[in-house]
Each structure stands twice: as C-alpha cells, then as structure tokens.
Amino acid sequence: MLSRKGEDYLEAILNIAEKKGYARIKDIALALGVTPSSVVEMVKRLNDLGFVEYRKYDGVTLTPRGKEIGKAVWGRHTMIRAFLEIIKVPEKIANKDACIIEHELDPKTIEQVKNLVNFVQSAPDYPQWLEHFEIFCKTGVHPCDEGKRKEREHRLSS
Ligand code: FE2
667 MLSRKGEDYL EAILNIAEKK GYARIKDIAL ALGVTPSSVV EMVKRLNDLG
717 FVEYRKYDGV TLTPRGKEIG KAVWGRHTMI RAFLEIIKVP EKIANKDACI
767 IEHELDPKTI EQVKNLVNFV QSAPDYPQWL EHFEIFCKTG VHPCDEGKRK
817 EREHRLSS
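Take 667 as the starting number for the sequence shown in the working numbering and just add one per residue.
What follows is the structure, given as structure tokens:
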C-alpha cells in the first residue's frame, strides 16, 4: 500500500506532467509546499517502488502503475471538490480539503458522492432544494418552514 504522502506525490506529478510532459523536482516541491530535498528523497523511493522514473537531469515521469494511482487519486479529488462546492464550501477550502479527504474514504462512499454530484449536475434547472439550502445556510431557516416560523413569532408577540 502506498502512503497518503506517496499518493499526493503521484497526484501532483500527474498534474504537472500533463502540462509539461515531465515534472521537475522544483515543480513538485512548489506544488506540494515542501523542500526540494524532501522531494528527491520521496521520488527516489517511488522510483524504487516502480511508480515513477526519476532521471536526475530529465525530471520525473510516472510509470503506468504510477499513472493509474495518480489518476484514481485525482479523480477522487475532483469528485470531492465538486461535492464540497455543492454544499457551498468556498473553492479554495474545497480544493484543500478534497486533498485531505481523497485518501481516506471507502469506495462505496466515493461512489455515493459521485452519484450525488452527477445527480445535482444533471438537474434540468438549478434544483430548488439547493436554493433552499443556500437560504438555510444564511438564515438557519428552511424556506418551507418560513410560514410556520412567522406563525410562531406572531403567537409569541401577541
Ligand atoms: Fe488532491
């Protein structure tokens, strides 16, 4: 089993390599917010485990096995980020937290998150319950309950 840190590396290398064809040590360090020397250490370990190919002057590329894992982690990341954005988590936080959650969830949970995201995204119109949720986040009151609340307030004030 690859460690959570290892998964983060493969994910980062995948994203960098998709743009540039390979990843340099300093690109990876920048993406993960770590020092180049810790990147070298980890990349050597991932190389020995068969997940990446590291050549000192050519940078780092993923092996097919490394690519498979990097893609799986990135897939979970985008799914969780979409879910967090649906429930109104700000984009930056959603992105950061997706990177934490992506390692820990049971495949069944991921499947249901995916179902929910697809369900919401395929809604013909912006779903009403989601609009109600937004109002609920701001006011603490479900709009469907608004009538009841007014009644209650009226009773209390009279
Ligand atoms: Fe991530």
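The beta carbon of each residue, even a glycine, is placed where N, CA and C say it ideally should be.
(request) Tell me whether Phe-749 is buried or exposed, calling it buried when 16 or more other Cβ atoms sit within 10 Å of its Cβ. (result) By one-based count along the sequence shown, residue 749 stands at place 83. Phe-749 should be labelled buried.
(request) Mind checking which residues open and close the alpha helix (DSSP H) that includes Tyr-675? (result) The residue you call residue 675 lines up with position 9 of the sequence shown. Boundaries of the alpha helix (DSSP H) around Tyr-675: 670-686.
(message) Does the beta-carbon of Ala-748, which I'm using as the reference point, lie nearer than 8 Å to any heavy atom of the ligand FE2?
(response) Numbered from its first residue, the sequence shown carries residue 748 at position 82. Not so, every heavy atom of the ligand FE2 lies at least 8 Å from the Cβ.
(request) Ignoring anything shorter than 4 residues or poking outside the segment 680-753, list the alpha helix (DSSP H) runs there in chain order. (result) If only uninterrupted alpha helix (DSSP H) runs of at least 4 residues are considered, those enclosed by the segment 680-753 are 691-698, 702-714, 730-752.
(request) Drop a sphere of 10 angstroms on the beta-carbon of Gly-822, count the other beta-carbons inside from all chains shown, and report buried for 16 or more, exposed for fewer. (result) Within the sequence shown, numbered from 1, the residue matching residue 822 stands at position 156. Looking at the sequence itself, residue 822 is Leu, so the reference to Gly does not match. Leu-822 comes out exposed.
(request) Could you please give the first and the last residue of the uninterrupted alpha helix (DSSP H) stretch that includes Val-786? (result) If you number the sequence shown from 1, residue 786 lands on position 120. Unbroken alpha helix (DSSP H) run through Val-786: 773-787.
(message) Does Pro-809 come out as helix, strand or coil in the three-state DSSP assignment?
(response) Counting from one through the sequence shown, the residue named residue 809 turns up at place 143. Three-state result, Pro-809: helix.
(request) Assuming Val-726 contacts Ile-694 (C-beta within less than 8 Å), just tell me the rounded distance between them. (result) Working through the sequence shown from its first residue, we reach residue 726 at position 60. Working through the sequence shown from its first residue, we reach residue 694 at position 28. Val-726 to Ile-694, Cβ: 7 Å. Contact.
(request) Would you please verify whether the beta carbon of Val-705 is less than 9 Å from any beta carbon of chain B? (result) Of the protein chains in the structure, only one exists, and it is not chain B.
(request) Please confirm whether any heavy atom of the ligand FE2 lies closer than 8 Å to the CB of His-743. (result) What you label residue 743 is simply residue 77 of the sequence shown in a count that begins at 1. Indeed, a heavy atom of the ligand FE2 lies less than 8 Å from the Cβ.
(message) I need the straight-line Cα distance from Cys-810 to Lys-733, nearest angstrom please.
(response) For the purposes of this step, residue 810 is identified with residue 144 of the sequence shown, where counting begins at 1. For the purposes of this step, residue 733 is identified with residue 67 of the sequence shown, where counting begins at 1. If you take the alpha carbons of Cys-810 and Lys-733, they lie about 48 Å apart.
(request) Please classify Glu-817: does DSSP put it in a helix, a strand, or coil? (result) Position 151 of the sequence shown, counted from the first residue, corresponds to residue 817. Three-state DSSP puts Glu-817 in a helix.
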